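Numbering (the numbering used here), first residue to last: 10 to 381.
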Amino acid sequence: MTAPLRPENGERASFIARVTAEAKAGLERTGASLPSIVQLVVAVTVAYALAHFLLGHPYPIVAVTVTLSSLGLVLDARPRRVLETAIAMTIGIILSELILLVAGQGLWQFSLTVFAALVLTRLLSPVPGLPIVAAVQAGLVTLLPVPPGGPFTRTEDAVLGGIVALASTALLPRDPRRAARREALKFFSAFTSILSSLVAVVRIGDKETAELVLGRARETHGLLEQWKSSLDSAAAISRISPFLRKHRHELAELQVMQQHMDHAARNLRVVARRLSVLSDDRPRPELAELFAGLQSAASMLAQSIDHPELRPIVRQSLVLIAITLDPRTLIPGQPVSEASLVVSVRPLVLDLLAASGMAIDEARRALPDITS
């Protein structure tokens, strides 16, 4: 007979499981960031080499920091964000160079430099993080000794670092399509999981589970925002990168898919909310079959990100579901609450059809008329 688990053993097992999960997450995070890390290392090495060997600056600290800070280790490396960061840092450096040249180095000069950098960059940009970046760079320049090259040497390094960072987004892109794909699959995994749970809810009639599913449906907003950010970044980079320009049409289609899946997620929350307030817990096999069909179509839609040839099949599957969405024929004789649930599924199917590439007017025509 197995001995009961002691409390200290349970705590140890919990600790080991937590450490293992954190280590796994760290490895996954590092693996996903490897393209960004490689891009940063190459870019900062190029910036250092150009400033040191081409411009003759013995300590090109500013070129290095501007390059690193402009690119960053973030998902969103679109050219506009890189350029905004580089400009903000350059403004801070120019201000500090001017104040050093006019007033020299000291405590009040340091305070004036930080103040001027914060005010000017805040005036020029609505992004709250940019003034901080500019002020940090300006403060560092004020505190460090003047380099051998004389005044405005560090301004040259800042401009060089910004140019290298911007060029890196075009010539050494981080394959933003892969990041966009990863974020899309995270969302679809949550979306199809919610549909799967709704199948179980209506098959066995479990209102308590429906309330839990509603909570999960509300959490998809963050996944959608991450997907949108990665797609916007990929589309922006594809406009200047000669290597990604050929994928612009593909990225545009995925942006359309993301927009309609955003609407679909909102309508899925409406469906889950209606399920959670039904008056009884009886099984509803017709609705279970309906949600199972939606789950299958959504899973295939996720696969179509890598295999666009599947989208006509997705559309066909959804049209076959759409033509059944008349509560008078799908669930005849049921109360108004049941009919309103079927009606609430119609916008969800409409959004899925649009996400699969069907024109919205054509998708509407696939739905049966329920006004008569």
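Idealized CB from N, CA, C, for every residue including glycine. Quick caveat: nothing in here was measured; it's all calculated off a predicted structure.
By the DSSP assignment, the alpha helix (DSSP H) with residue i in it spans what residues?
{"i": "T380", "result": "That residue, T380, is in no alpha helix (DSSP H); it is neither H nor E in DSSP."}
{"i": "P185", "result": "185-213"}
{"i": "M98", "result": "88-112"}
{"i": "Q343", "result": "Taken as a continuous stretch (DSSP letters only), Q343 belongs to no alpha helix (DSSP H), as it is neither H nor E."}
{"i": "H258", "result": "257-285"}
{"i": "S384", "result": "Residue 384 is absent from the structure shown; the chain starts at 10 and stops at 381."}
{"i": "S326", "result": "320-331"}
{"i": "P140", "result": "138-152"}
{"i": "V290", "result": "According to the sequence displayed, residue 290 carries Asp and not Val. First-last for D290: undefined, no H or E at that position."}
{"i": "E371", "result": "369-375"}
If distances are taken between C-alpha atoms only, which option among the options comes closest to residue i?
{"i": "P154", "options": "A189, L110, I172", "result": "L110"}
{"i": "R293", "options": "S346, L127, A226", "result": "S346"}
{"i": "R191", "options": "Q343, S42, A30, G35", "result": "S42"}
{"i": "A189", "options": "I70, M266, V71", "result": "M266"}
{"i": "S239", "options": "K195, S353, D335, T164", "result": "K195"}
{"i": "L181", "options": "Q48, M309, E259", "result": "Q48"}
{"i": "L127", "options": "W117, G115, A112, M98", "result": "M98"}
{"i": "G231", "options": "S250, A193, R254, L253", "result": "A193"}
{"i": "L287", "options": "E262, I369, E318, S349", "result": "S349"}
{"i": "L361", "options": "S305, P336, T164", "result": "S305"}
{"i": "V351", "options": "V208, S202, L299", "result": "L299"}
DSSP three-state call for residue i: helix, strand or coil?
{"i": "Y57", "result": "helix"}
{"i": "L14", "result": "Confidence at L14 is low in this model, with a pLDDT of 49, below 50, so the placement of that residue is unreliable and no value is reported for it."}
{"i": "T122", "result": "helix"}
{"i": "D315", "result": "coil"}
{"i": "L181", "result": "coil"}
{"i": "T162", "result": "helix"}
{"i": "D241", "result": "helix"}
{"i": "D335", "result": "coil"}
{"i": "P44", "result": "helix"}
{"i": "V155", "result": "coil"}
{"i": "P135", "result": "coil"}
{"i": "E228", "result": "coil"}
{"i": "P251", "result": "coil"}
For residue i, which residues in the same chain have their Cβ closer than 8 Å to its Cβ, ignoring the five residues on either side in sequence?
{"i": "R21", "result": "none"}
{"i": "V28", "result": "none"}
{"i": "P160", "result": "E106, L109, L110"}
If I measure Cβ to Cβ from residue i and keep anything under 7 Å in the same chain, skipping five residues before and after, which residues do I get?
{"i": "T122", "result": "L104, S105, I108, A147, G148, T151"}
{"i": "G342", "result": "none"}
{"i": "R187", "result": "none"}
{"i": "I213", "result": "P292"}
{"i": "G158", "result": "H66"}
{"i": "A363", "result": "H269, I369, A372"}
{"i": "D335", "result": "P377, I379"}
Should residue i be flagged as near chain B, meaning a C-beta pair shorter than 9 Å?
{"i": "R257", "result": "Of the protein chains in this structure there is only one, and it is not chain B."}
Sorted by chain position, which residues of the same chain lie with C-beta nearer than 6 Å to residue i's C-beta, five sequence neighbours on each side aside?
{"i": "A375", "result": "V328, A331"}
{"i": "A60", "result": "H66, P69, A72, D166, L169"}
{"i": "R257", "result": "S247"}
- Query: Is the region 256-270 touching the region 323-335 in the sense that three or more CB pairs, one from each, lie closer than 8 Å?
  - Reply: Contact fails between the region 323-335 and the region 256-270, because fewer than three Cβ pairs, one in each stretch, are under 8 Å apart.
- Validate contact between the region 71-80 and the region 94-103 using beta carbons, cut 8 Å, 3 pairs: Touching, yes.
- Would the region 236-245 and the region 85-95 be scored as touching if the rule is three or more Cβ pairs under 8 Å? yes
- Query: Taking contact to mean at least 3 C-beta pairs separated by less than 8 Å, is the region 316-325 in contact with the region 217-234?
  - Reply: no
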